[in-house]
Amino acid sequence: MSNDNARKKAVLAYSGGLDTSVCIKWLIEEKNLDVIALVGDVGQKRQSLDFIKQKALDTGAIDAVVVDMREEFAVEYLSKALAANALYENKYPLVSALSRPIIVKHLVRVAEESGATYIAHGCTGKGNDQVRFEVGVRSLNPDMLHIAPLREWDLTTRDSEIEWAEAHNIPVPVSKDSPYSIDDNMWGRAIECGVLEDPWIEPPSDVYELTVDPDKAPDAPTYLTVGFEAGLPVSVDGVQMSFQEVLSCLNKVAGSNGCGRIDMIENRLVGVKSREVYECPGALTLIKAHRELEDLVLERDLLRYKARLEQDWAIYVYEGKWFSPLKEALDAFIATTQQVVTGEVRLKFFKGSIIVAGRKSPYSLYDHALATYGAEDSFDRNSAKGFLDIYGLYLETWARQQRKL
Ligand code: ARG
Numbered sequence: 047m048s049n050d051n052a053r054k055k056a057v058l059a060y061s062g063g064l065d066t067s068v069c070i071k072w073l074i075e076e077k078n079l080d081v082i083a084l085v086g087d088v089g090q091k092r093q094s095l096d097f098i099k100q101k102a103l104d105t106g107a108i109d110a111v112v113v114d115m116r117e118e119f120a121v122e123y124l125s126k127a128l129a130a131n132a133l134y135e136n137k138y139p140l141v142s143a144l145s146r147p148i149i150v151k152h153l154v155r156v157a158e159e160s161g162a163t164y165i166a167h168g169c170t171g172k173g174n175d176q177v178r179f180e181v182g183v184r185s186l187n188p189d190m191l192h193i194a195p196l197r198e199w200d201l202t203t204r205d206s207e208i209e210w211a212e213a214h215n216i217p218v219p220v221s222k223d224s225p226y227s228i229d230d231n232m233w234g235r236a237i238e239c240g241v242l243e244d245p246w247i248e249p250p251s252d253v254y255e256l257t258v259d260p261d262k263a264p265d266a267p268t269y270l271t272v273g274f275e276a277g278l279p280v281s282v283d284g285v286q287m288s289f290q291e292v293l294s295c296l297n298k299v300a301g302s303n304g305c306g307r308i309d310m311i312e313n314r315l316v317g318v319k320s321r322e323v324y325e326c327p328g329a330l331t332l333i334k335a336h337r338e339l340e341d342l343v344l345e346r347d348l349l350r351y352k353a354r355l356e357q358d359w360a361i362y363v364y365e366g367k368w369f370s371p372l373k374e375a376l377d378a379f380i381a382t383t384q385q386v387v388t389g390e391v392r393l394k395f396f397k398g399s400i401i402v403a404g405r406k407s408p409y410s411l412y413d414h415a416l417a418t419y420g421a422e423d424s425f426d427r428n429s430a431k432g433f434l435d436i437y438g439l440y441l442e443t444w445a446r447q448q449r450k451l
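Take 47 as the starting number for the sequence shown in the working numbering and just add one per residue.
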């Protein structure tokens with residue numbers, strides 16, 4: 047027993063999959079550590095949590111901690127991403143980038159509570175996720191040490207990894223030849239590897255799970271109204287719902303109409319361009335509806351300024367800087383803009399398109415009397431003349447000078 051107490055501990059972010067199961071054994075055998083597996087539920091498709099927990103223990107973990115992070119993920123993370131209309135490189139709603147910081151937060155908490163020396167993750171040395179884990183941990187507890195087994199060991203191919211797993215009595219899933227690497231949570235799914243590594247090849251239909259092919263979507267459109275209060279989604283077709291419930295409803299409706307697929311070339315932080323396929327029906331719908339409502343209620347300069355900060359927000363979060371003073375300051379700015387983002391957006395889903403069909407708000411800045419070309423027009427055209435004389439003056443001055451030259 048006293049011998050056991052002398053062993054140092056590592057808290058490992060554990061998914062139940064092959065990679066992180068191999069990590070458990072490797073940390074025990076190669077690094078002589080006690081392993082505590084942390085399993086976070088962020089709404090991913092998964093085996094039962096009891097099953098995953100038991101698998102961690104069977105593989106040799108001294109403890110397996112299961113944390114239901116779904117509510118916290120929606121309220122503290124996704125709501126901020128939505129307020130920021132966050133789309134990295136104007137396309138990717140940051141599915142994986144958003145789940146890493148919440149997992150990091152709980153890894154650090156469990157490590158501190160259990161007196162662990164190390165935090166371990168199953169990311170490779172080539173992606174963004176290693177950055178998010180390690181920079182995230184250092185931002186929360188600079189004294190915590192890291193181990194990244196997949197970056198250190200020489201089991202570089204899937205086959206050698208499976209061989210190692212079998213030799214160490216780690217159950218290998220039957221679908222061991224699944225060609226894709228998948229990460230998912232309630233904000234969507236990310237699919238990489240296999241045939242997708244050729245950017246010219248159209249993703250085969252078996253990569254998708256949340257969306258039907260737009261060709262096979264229903265021939266009639268589906269309409270639906272999302273209600274927002276202070277920037278947060280609160281209802282669908284008048285029925286009050288939590289953020290999670292709205293999201294899951296939109297995932298189904300948009301997905302079944304073939305909406306939410308993304309196929310892009312993405313700039314990873316580590317300098318590599320990669321071909322990424324995502325499906326995010328609910329997230330893309332919410333961002334579209336939320337942005338539309340902001341167009342209606344936010345004053346022009348604020349709207350334009352916010353749009354610039356949104357780009358920055360997405361880059362910082364993508365690059366692992368969730369726990370940073372700048373990101374917090376941006377959140378604070380964005381939060382001040384959300385008070386008036388209350389109202390309803392009517393959406394039409396049709397064969398892969400999410401179309402805004404209507405919007406309204408008690409805070410609407412749309413003034414019909416100012417906008418109309420009809421009889422009720424209250425816009426003062428006579429003032430336009432004087433305004434334009436001054437407005438264009440500097441260009442006129444420039445043009446006169448040009449003509450002289
Ligand atoms: N490229 C995306 C990102 O960096 C997704 C990464 C997903 N990870 C995976 N194992 N498929 O956020």
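By construction, the Cβ of each residue, glycine as well, lies at the ideal position given by its N, Cα and C atoms.
Open item on the list: Measuring only from the beta carbon, is residue 228 closer than 7 Å to any heavy atom that is part of the ligand ARG?
Closed with: Translated into the one-based positions of the sequence shown, residue 228 becomes position 182. Checking every heavy atom of the ligand ARG against the Cβ of residue 228, one is found closer than 7 Å.
Open item on the list: Do residue 102 and residue 70 count as a contact pair if the criterion is CB distance below 8 Å?
Closed with: Counting from 1 along the sequence shown, the entry for residue 70 is found at position 24. Counting from 1 along the sequence shown, the entry for residue 102 is found at position 56. Cβ atoms of residue 70 and residue 102: closer than 8 Å.
Open item on the list: Alpha carbons only, please: which of 292, 368, 304, 351 is nearest the one belonging to residue 266?
Closed with: Within the sequence shown, residue 266 is the residue found at index 220, counting from 1. The closest CA to that of residue 266, considering only 292, 368, 304, 351, is found on 304.
Open item on the list: So for residue 200, helix, strand or coil by DSSP?
Closed with: The residue you call residue 200 lines up with position 154 of the sequence shown. Residue state, collapsed to three classes: coil.
Task: At least 3 beta-carbon pairs within less than 8 Å: the segment 366-385 vs the segment 251-262 - done: Output reads no: the segment 251-262 does not touch the segment 366-385.
Task: Inter-residue Cα distance where the pair is residue 125 and residue 107 - done: Residue numbering aside, residue 125 sits at position 79 when the sequence shown is read from its first letter. Residue numbering aside, residue 107 sits at position 61 when the sequence shown is read from its first letter. Cα to Cα, residue 125 sits roughly 34 Å from residue 107.
- [ ] Check the DSSP bridge columns for residue 274 and list the partner residues they point to.
- [x] Here residue 274 corresponds to residue number 228 of the sequence shown, with the count starting at 1. Under the DSSP definition of a beta bridge, residue 274 partners with 279, 389.
Task: Entirely enclosed beta strand (DSSP E) segments - the segment 311-338, minimum 3 residues - done: Listed in chain order, they are 319-325.
Open item on the list: Is there a C-beta anywhere in chain D that falls below 8 Å from the one on residue 264?
Closed with: Protein chains in the displayed structure number just one, and chain D is not present.
Task: residue 177 vs residue 317 beta-carbon contact at 8 Å - done: Counting from one through the sequence shown, the residue named residue 177 turns up at place 131. Counting from one through the sequence shown, the residue named residue 317 turns up at place 271. Cβ distance not < 8 Å, so residue 177 and residue 317 don't count as in contact.
TODO: Give every residue of the same chain whose Cβ lies closer than 6 Å to the Cβ of residue 196, excluding the five residues on either side of it in the sequence, and list them in chain order.
DONE: Counting from one through the sequence shown, the residue named residue 196 turns up at place 150. By the criterion of a C-beta distance shorter than 6 Å, residue 196 is surrounded in its chain by 168, 170, once the five residues flanking it on both sides are discounted.
Open item on the list: What does the alpha-carbon distance come out to for the pair residue 255 and residue 127?
Closed with: As a first step, residue 255 is located in the sequence shown; it is residue number 209 there, counting from the start. As a first step, residue 127 is located in the sequence shown; it is residue number 81 there, counting from the start. Answer to the nearest angstrom: the Cα atoms are 23 Å apart.
- [ ] Thinking residue 272 and residue 349 are a contact (beta carbons under 8 Å), I'd like their distance in whole angstroms, please.
- [x] Here the question's residue 272 lines up with position 226 in the sequence shown. Here the question's residue 349 lines up with position 303 in the sequence shown. Contact between residue 272 and residue 349 is ruled out by a C-beta separation of about 20 Å, above the 8 Å threshold.
TODO: Keeping to the same chain, check which residues put their C-beta closer than 7 Å to that of residue 105; ignore five residues upstream and five downstream.
DONE: Along the sequence shown, one-based indexing puts residue 105 at 59. Once the five neighbours on either side are set aside, the close Cβ partners of residue 105 are 67, 70, 71, 216.
Open item on the list: For the alpha helix (DSSP H) containing residue 101, name the first residue and the last one.
Closed with: For the purposes of this step, residue 101 is taken as the residue at position 55 of the sequence shown. Residues 95-104.
TODO: Determine the direct distance from the alpha carbon of residue 175 to that of residue 406, and round the result to whole angstroms.
DONE: Reading the sequence shown from its first residue, position 360 is the one you call residue 406. Reading the sequence shown from its first residue, position 129 is the one you call residue 175. So the alpha carbons of these two residues sit roughly 39 Å apart.
Open item on the list: The alpha helix (DSSP H) that contains residue 300, what's its start and end?
Closed with: Taking the first residue of the sequence shown as position 1, residue 300 is located at position 254. Segment 289-302, the alpha helix (DSSP H) holding residue 300.
Open item on the list: Distance check for residue 344 and residue 424, CA to CA, integer angstroms please.
Closed with: As a position in the sequence shown, residue 424 is number 378, starting the count at 1. As a position in the sequence shown, residue 344 is number 298, starting the count at 1. Rounded to the nearest angstrom, the gap between the Cα atoms of residue 424 and residue 344 is 22 Å.
- [ ] Report the rounded CA-to-CA distance for residue 242 versus residue 113, giving the unit in angstroms.
- [x] Residue 242 sits at position 196 when you count from the first residue of the sequence shown. Residue 113 sits at position 67 when you count from the first residue of the sequence shown. Whole-angstrom Cα-Cα distance: 33 Å.
Open item on the list: In this structure, how does DSSP classify residue 60 when only helix, strand and coil are distinguished?
Closed with: Within the sequence shown, residue 60 is the residue found at index 14, counting from 1. Of the three classes helix, strand and coil, the one that applies to residue 60 here is coil, per DSSP.
Open item on the list: Is residue 173 a contact residue of the ligand ARG, with contact defined as CB to any heavy atom under 7 Å?
Closed with: In the sequence shown, counting from the first residue as 1, residue 173 sits at position 127. True, at least one ligand heavy atom lies under 7 Å from that Cβ.
TODO: Using the DSSP secondary-structure output, state which residues sit across from residue 268 in a beta bridge.
DONE: On the sequence shown, position 222 is the one that residue 268 refers to. 395.
- [ ] Return helix, strand or coil for residue 405, following the three-state DSSP convention.
- [x] For this step, residue 405 is matched to residue 359 along the sequence shown. When DSSP states are grouped into helix, strand and coil, residue 405 belongs to the strand group.
Open item on the list: Please tell me whether, using a cut-off of 7 Å, the distance from the CB of residue 135 to the nearest non-hydrogen atom of the ligand ARG is below it.
Closed with: Here residue 135 is taken as the residue at index 89 of the sequence shown, counted from 1. At a threshold of 7 Å, residue 135 does not count as near the ligand ARG, since its beta carbon sits no closer than that to any of the ligand's heavy atoms.
Task: Simplified DSSP state of residue 48, which is helix, strand or coil - done: The count along the sequence shown starts at 1 and reaches residue 48 at position 2. With a pLDDT of 43 at residue 48, under the threshold of 50, the predicted position of this residue should be treated as unreliable, and no value is reported.
Task: Delimiting residues of the alpha helix (DSSP H) encompassing residue 214 - done: Residue 214 sits at position 168 when you count from the first residue of the sequence shown. Membership of residue 214 in any alpha helix (DSSP H) is not indicated, and neither H nor E is assigned to it by DSSP.
Task: Beta carbon of residue 226 nearer than 8 Å to that of residue 238 - done: The count along the sequence shown starts at 1 and reaches residue 226 at position 180. The count along the sequence shown starts at 1 and reaches residue 238 at position 192. Taking 8 Å as the Cβ cut-off, residue 226 and residue 238 qualify as a contacting pair.
TODO: Just the C-alpha distance for residue 332 and residue 311, rounded to the nearest angstrom, thanks.
DONE: Residue mapping note: residue 332 aligns to position 286 of the sequence shown, counting from 1. Residue mapping note: residue 311 aligns to position 265 of the sequence shown, counting from 1. In a straight line, the C-alpha of residue 332 is about 23 Å away from that of residue 311.
- [ ] Confirm the yes/no value for this check: CB of residue 236, any heavy atom of the ligand ARG, distance under 7 Å.
- [x] In the sequence shown, residue 236 corresponds to position 190, counting from 1. Yes, the Cβ of residue 236 comes within 7 Å of a heavy atom of the ligand ARG.
Open item on the list: If I follow the unbroken beta strand (DSSP E) through residue 113, where does it start and stop?
Closed with: Position 67 of the sequence shown holds residue 113. Run containing residue 113: 109-114, per the beta strand (DSSP E) assignment.
- [ ] Could you have a look at residue 413 and say whether DSSP puts it in helix, strand or coil?
- [x] One-based indexing of the sequence shown puts residue 413 at position 367. DSSP, reduced to helix, strand and coil, places residue 413 outside both helices and strands of the structure shown, so it counts as coil.
TODO: Quick one: give me the first and last residue of the beta strand (DSSP E) that residue 166 is part of.
DONE: On the sequence shown, position 120 is the one that residue 166 refers to. Element bounds for residue 166: 164-166.
Open item on the list: Any heavy atom of the ligand ARG closer than 7 Å to the beta-carbon of residue 142?
Closed with: As a first step, residue 142 must be located in the sequence shown, where it is residue number 96. Yes.
- [ ] Taking residue 144 as the reference, give the member of 342, 122, 414 with the closest Cα.
- [x] Translated into positions along the sequence shown, residue 144 becomes position 98. When only C-alpha atoms are compared, the closest one is 122.
Task: Beta bridge counterpart(s) of residue 55 as assigned by DSSP - done: In the sequence shown, residue 55 corresponds to position 9, counting from 1. Bridge partners of residue 55: 80.
Task: Through-space distance from residue 185 to residue 164, alpha-carbon basis - done: As a first step, residue 164 must be located in the sequence shown, where it is residue number 118. As a first step, residue 185 must be located in the sequence shown, where it is residue number 139. C-alpha separation (whole angstroms): 15 Å.
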